[in-house]
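Trainee:
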Amino acid sequence: MAVLADTIQDLRKDVFVNCELDRVWRIVKGDVTAWFSSHGGTDFNFERRVLIGTPGIGKSMNAGSYLYQLLQYDVKKLQVVVHCFGDTAYVFDKTAKTVTKYEGNKISKIVLRDLWKRGMKWYIIYDVARKGTPPDTGFAPSTGWGMIVVPFPKVSNYDEWEKQLKASRVIMNCPDEKEVKAMCAWMKRGLDKDEQAGYWKEVKERMKKVGPIPRHIFDEKIYIDRLGAVDGAFLAIKPTDFGKNFTWEERKNGIPRIRVTN
72 MAVLADTIQD LRKDVFVNCE LDRVWRIVKG DVTAWFSSHG GTDFNFERRV
122 LIGTPGIGKS MNAGSYLYQL LQYDVKKLQV VVHCFGDTAY VFDKTAKTVT
172 KYEGNKISKI VLRDLWKRGM KWYIIYDVAR KGTPPDTGFA PSTGWGMIVV
222 PFPKVSNYDE WEKQLKASRV IMNCPDEKEV KAMCAWMKRG LDKDEQAGYW
272 KEVKERMKKV GPIPRHIFDE KIYIDRLGAV DGAFLAIKPT DFGKNFTWEE
322 RKNGIPRIRV TN
């Protein structure tokens with residue numbers, strides 16, 4: 072695992088690059104590379120991707136790393152990268168070395184069609200806002216571009232878009248135990264070995280109860296809140312549900328759907 076760190080005004084800003092982040096990037100890179108291979112061309116049908124994973128494992132933050140990688144991609148081949156957050160679009164023009172912010176879905180459509188008419192090659196990272204919706208099926212021209220959508224966990228936020236554009240799902244897994252241990256070691260790198268070991272022991276116990284989800288295991292208060300939500304969901308199961316498959320209701324607090332089996 073590679074670890075990058077930046078500190079601004081004494082607030083730790085750490086980015087942990089694990090195998091899952093790299094695996095998804097290789098898929099995106101493979102799509103872009105295929106575009107410029109001998110089999111690609113002006114009518115090349117780019118794969119549309121939907122990034123799926125448990126809430127709290129860092130999908131949106133990872134999308135930022137894909138933006139960085141795409142910006143480093145050969146400008147002669149890929150001239151523009153578009154990063155959308157709901158109806159807000161940031162257009163990175165690599166040839167002019169500029170970034171322009173556009174507000175509103177209608178404006179974004181006009182801009183993307185203009186890029187297409189000018190023959191520029193571009194890739195879209197679309198991060199669905201918490202209360203937002205996935206991109207409209209007519210959001211961009213039908214050919215000549217690639218996209219990966221990072222959806223809000225609620226299925227209705229992306230399933231119709233996924234079906235209409237025949238998008239392929241990319242499943243991002245939770246970090247494994249070794250990766251979480253490495254994160255703990257980095258975050259507590261200034262402490263002595265006993266304190267580091269004690270913190271890792273606490274985090275390991277939390278993982279047993281709420282899973283290896285970075286958002287919920289490193290801070291005690293956040294962990295307690297999550298544990299309460301999990302306990303509440305299990306208490307809501309009626310006696311008649313035992314012995315059968317059971318699906319959690321989607322909730323505003325981001326609890327993922329699970330299926331309990333006997």
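Residues in the sequence shown are numbered from 72 upward in steps of one, following my numbering.
For every residue, glycine included, the Cβ atom is placed at its ideal position computed from N, Cα and C.
Predicted, not measured: the structure shown is a model, and the values here were computed from it.
If we require 4 or more residues per run, which alpha helix (DSSP H) segments fall completely within the region 253-312?
Mentor: Scanning the region 253-312 for uninterrupted alpha helix (DSSP H) segments of 4 residues or longer gives 264-281, 285-288, 291-306, listed from N- to C-terminal end.
Trainee: What do you reckon, are the CB atoms on Ile-219 and Val-99 nearer than 7 Å?
Mentor: In the sequence shown, the residue the question calls residue 219 occupies position 148. In the sequence shown, the residue the question calls residue 99 occupies position 28. Taking 7 Å as the Cβ cut-off, Ile-219 and Val-99 qualify as a contacting pair.
Trainee: From Ile-79 to Pro-206, what does the alpha carbon distance come to, in whole angstroms?
Mentor: The count along the sequence shown starts at 1 and reaches residue 79 at position 8. The count along the sequence shown starts at 1 and reaches residue 206 at position 135. In this prediction, Ile-79 scores a pLDDT of 31, lower than 50, which makes its location untrustworthy; the coordinate-derived value is nonetheless stated afterwards. Rounded to whole angstroms, Ile-79 to Pro-206 spans 33 Å at the Cα level.
Trainee: Beta-carbon separation of Cys-255 and Thr-125 under 7 Å?
Mentor: Reading the sequence shown from its first residue, position 184 is the one you call residue 255. Reading the sequence shown from its first residue, position 54 is the one you call residue 125. No.
Trainee: Between the C-alpha atoms of Lys-252 and Lys-280, what's the straight-line distance to the nearest angstrom?
Mentor: Numbered from 1 along the sequence shown, position 181 holds the residue referred to as residue 252. Numbered from 1 along the sequence shown, position 209 holds the residue referred to as residue 280. Cα to Cα, Lys-252 sits roughly 16 Å from Lys-280.
Trainee: How far does the beta strand (DSSP E) with Gly-157 in it reach, from first residue to last?
Mentor: As a first step, residue 157 must be located in the sequence shown, where it is residue number 86. Here Gly-157 belongs to no beta strand (DSSP E), and DSSP marks it neither H nor E.
Trainee: Under DSSP, the beta strand (DSSP E) around Thr-214 begins and ends at which residues?
Mentor: What you label residue 214 is simply residue 143 of the sequence shown in a count that begins at 1. Here Thr-214 belongs to no beta strand (DSSP E), and DSSP marks it neither H nor E.
Trainee: Just mark Ala-307 as buried or exposed, buried being the case when its beta carbon has 16 or more other beta carbons within 10 Å.
Mentor: Position 236 of the sequence shown, counted from the first residue, corresponds to residue 307. Exposed, because fewer than 16 other Cβ atoms sit within 10 Å of the Cβ of Ala-307.
Trainee: What number of angstroms, rounded off, separates the C-alpha of Glu-248 from the C-alpha of Pro-283?
Mentor: Against the sequence shown, residue 248 aligns to sequence position 177. Against the sequence shown, residue 283 aligns to sequence position 212. Rounded to whole angstroms, the gap between the alpha carbons of Glu-248 and Pro-283 is 7 Å.
Trainee: State buried or exposed for Ile-288, treating a residue as buried only when at least 16 other CB atoms are found within 10 Å of its CB.
Mentor: Here residue 288 is taken as the residue at index 217 of the sequence shown, counted from 1. Around the beta carbon of Ile-288, 16 or more other beta carbons lie within 10 angstroms, which makes this residue buried.
Trainee: Indicate the three-state DSSP secondary structure (helix, strand or coil) for Val-162 in the structure shown.
Mentor: Stepping through the sequence shown from its first residue, residue 162 is reached at position 91. Three-state result, Val-162: strand.
Trainee: Taking DSSP as the reference, what is the three-state secondary structure of Ile-196?
Mentor: As a first step, residue 196 is located in the sequence shown; it is residue number 125 there, counting from the start. Ile-196 falls in the strand class under three-state DSSP.
Trainee: Report the rounded CA-to-CA distance for Gly-303 versus Thr-169, giving the unit in angstroms.
Mentor: Taking the first residue of the sequence shown as 1, we reach residue 303 at position 232. Taking the first residue of the sequence shown as 1, we reach residue 169 at position 98. Roughly 49 Å between the two C-alpha positions.
Trainee: Exposed or buried, Glu-118, counting other C-beta atoms within 10 Å across all chains shown (16 or more means buried)?
Mentor: Position 47 of the sequence shown, counted from the start, is the residue given in the question as residue 118. Label assigned to Glu-118: buried.
Trainee: Please state whether the Cβ-Cβ distance between Val-19 and Leu-122 is less than 7 Å.
Mentor: Since the first residue of the chain shown is 72 and the last is 333, residue 19 is not available in this structure.
Trainee: In terms of DSSP beta bridges, what is Lys-172 paired with?
Mentor: For this step, residue 172 is matched to residue 101 along the sequence shown. Answer by DSSP bridge pairing, in chain order: Tyr-161.
Trainee: Between which residues of its own chain and Tyr-294 is the CB-CB distance below 8 Å, once the five residues before and five after are set aside?
Mentor: Residue numbering aside, residue 294 sits at position 223 when the sequence shown is read from its first letter. Answer for Tyr-294: Arg-277, Val-281, His-287, Ile-288, listed in chain order.
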